[in-house]
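Protein chains: 2
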Amino acid sequence: MGKLSELKQVKKCSGAYVLAVNDTINVINGKWKLPIIGALLFGKKRFKQLEREIPNITPRMLSKELRDLEANGIVSRTVYDTVPVAVEYCLTPSGESFSRVLDVMLEWGLEHRKNTIGQNAEEVQ
Amino acid sequence: MGKLSELKQVKKCSGAYVLAVNDTINVINGKWKLPIIGALLFGKKRFKQLEREIPNITPRMLSKELRDLEANGIVSRTVYDTVPVAVEYCLTPSGESFSRVLDVMLEWGLEHRKNTIGQNAEEVQ
DNA sequence: GTAACCACTATACTTTTGTATATCGGTATC
DNA sequence: GATACCGATATACAAAAGTATAGTGGTTAC
Chain A
12 MGKLSELKQV KKCSGAYVLA VNDTINVING KWKLPIIGAL LFGKKRFKQL EREIPNITPR
72 MLSKELRDLE ANGIVSRTVY DTVPVAVEYC LTPSGESFSR VLDVMLEWGL EHRKNTIGQN
132 AEEVQ
Chain B
12 MGKLSELKQV KKCSGAYVLA VNDTINVING KWKLPIIGAL LFGKKRFKQL EREIPNITPR
72 MLSKELRDLE ANGIVSRTVY DTVPVAVEYC LTPSGESFSR VLDVMLEWGL EHRKNTIGQN
132 AEEVQ
């Protein structure tokens, strides 16, 4: 069974479709997961590096969200046995492939903004 | 300037990229927007119809989320001047085109699940 | 020996999000 | 004239998510 027919099978039932898409949404839910993934798309980073690059994130949230992302197989955590220990975070292959989803979101968002500008007439420039 | 180069321009800066993608995420944030969009992908529906089709949603949340989706240009609300008044909700063209994003999410979600099964070994079947 | 960096964790609190339950004004059915 | 359907809104409450602030245990630099 090909990928396409599998897709159609899932779409048959609205409930299953919503559930499956929801799995993906949960990967990036919350305020901080996307900024973290965004930072890691440019390469591996250490904890403090992420803390500095992501404006206003607290270490508590960074720690929690990194643990979530690791549990979901999006981010991998590597501890280097140096003194003092260095910890590096990077995207897993699955996490990297998520950029495909983000690109489609970006593209749709830009289009949608173009379509709705003029109707709302808040700012045109 | 073509769509591709525009895309690259936005991606240049991680901050702008994250902001633009976030716009799209906000369209479906919360517990109920995806189920509502999912139901409307199969055609226009009335308030009570949606309430029946979406398990456990309260009229308060349905009302609120429909207003949000309307404000964001995803859903359009039509009042028919019948007695008693009938109100119909349907996706805007932009809302319909959002299924493109959902499809990519679905596809990635299925792939990701395949990739991470075995590592987690919670269930294989 | 004190000051600063790293990688976090702990506790308390506020804000946001969602739920439960009741109600409203209208119509139509029996 | 009681009951039920439609399209909601109001109020009060509970749960989840996020913030503020401080502290831990180790290391290196001066």
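Which chain is which? The protein sequence lines are A and B, in order. Just so you know, we're using the working numbering here: the first sequence kicks off at 12 and counts up by one. Just so you know, we're using the working numbering here: the second sequence kicks off at 12 and counts up by one. All C-beta atoms in this analysis are idealised placements derived from N, C-alpha and C, irrespective of residue type, glycine included. Quantities reported herein were computed from a predicted structural model and do not represent experimental measurements.
Subject >> Minimum C-alpha distance to B/Glu107 - residue among A/Asp114, A/Glu122 and A/Thr35 >> reply: A/Glu122
Original post:
If we call anything under 9 Å between Cβ atoms a contact, is A/Leu45 one with B/Val29?
Top reply: yes
Original post:
Counting Cβ pairs closer than 8 Å, one from the region 80-87 of chain B and one from the region 36-52 of chain B, do we hit at least three?
Top reply: Touching, yes.
Original post:
Under three-state DSSP, which class holds B/Leu52?
Top reply: coil
**OP:** Leaving aside the five residues before and after B/Lys56 along the sequence, list all residues of the same chain whose C-beta is less than 8 Å from its C-beta, in chain order.
**Re:** Ala50, Glu64, Glu99, Tyr100 and Cys101
**OP:** Report the neighbours of A/Gly49 on chain B: residues whose CB is nearer than 7 Å to its CB, in chain order.
**Re:** Result: Ser25, Tyr28 and Val29.
Original post:
With 16 as the cutoff for other CB atoms within 10 Å, does B/Thr103 come out buried or exposed?
Top reply: buried
Subject >> CA-to-CA distance, B/Ala27 to A/Lys59, given in whole angstroms >> reply: Going from the Cα of A/Lys59 to the Cα of B/Ala27 covers about 22 Å.
Subject >> Local Cβ density within 10 Å of B/Gly54, reported as buried at 16 or more and exposed below that >> reply: exposed
Subject >> Neighbouring residues, chain A, relative to B/Val115 (Cβ below 7 Å) >> reply: Arg111, Val112 and Val115
Original post:
Of all the CB atoms in chain A, is at least one closer than 9 Å to the CB of B/Ala132?
Top reply: The predicted position of B/Ala132 is uncertain, since its pLDDT is 46 and thus under 50; a value taken from the coordinates is nonetheless stated next. No, its Cβ sits nowhere closer than 9 Å to a Cβ of chain A.
Original post:
Can you tell me where the alpha helix (DSSP H) with A/Thr103 in it begins and where it stops?
Top reply: No alpha helix (DSSP H) contains A/Thr103, which DSSP labels as neither H nor E.
Subject >> Helix, strand or coil at B/Val38 [DSSP, three-state] >> reply: DSSP places B/Val38 in helix when its eight states are reduced to three.
**OP:** Anything in chain A within Cβ reach of B/Trp119, meaning under 8 Å, just list it in chain order.
**Re:** Thr35, Ser108, Phe109, Arg111 and Val112
Subject >> Nearest neighbour of B/Pro70, chosen from B/Arg124, B/Leu52, B/Tyr91 and B/Trp43 [CA to CA] >> reply: B/Trp43
Original post:
Do we get a CB-CB distance below 9 Å when we pair B/Gly54 with the residues of chain A?
Top reply: no
Subject >> Test: A/Thr93 CB closer than 9 Å to a CB of chain B >> reply: no
Original post:
So, B/Val32 versus A/Leu113, is the Cβ gap smaller than 9 Å?
Top reply: Yes. Within cutoff.
Original post:
Which residues in chain A sit within 9 Å of B/Thr127, going by Cβ to Cβ distance?
Top reply: Asn83, Gly84, Thr103 and Ser105
Original post:
For B/Thr89, which three-state DSSP category applies?
Top reply: Looking at B/Thr89 - three-state DSSP - the assignment turns out to be strand.
**OP:** Would you mind telling me which residues of chain A sit closer than 7 Å to B/Val32, beta carbon to beta carbon, in chain order?
**Re:** Leu45, Leu113, Met116, Leu117 and Gly120
Original post:
Can you name the residues that DSSP bridges to B/Arg57?
Top reply: B/Glu99
Original post:
Using DSSP with H/G/I as helix, E/B as strand and the rest coil, what is A/Thr127?
Top reply: helix
Original post:
Does the distance from the CB of A/Lys127 to the CB of B/Ser110 come in under 9 Å?
Top reply: The displayed chain sequence assigns Thr, not Lys, to residue 127 of chain A. Result no, Cβ atoms of A/Thr127 and B/Ser110 do not sit closer than 9 Å.
Original post:
If A/Ile47 sits next to A/Leu61, beta carbons under 8 Å apart, how far is it from one beta carbon to the other, in whole angstroms?
Top reply: 7 Å
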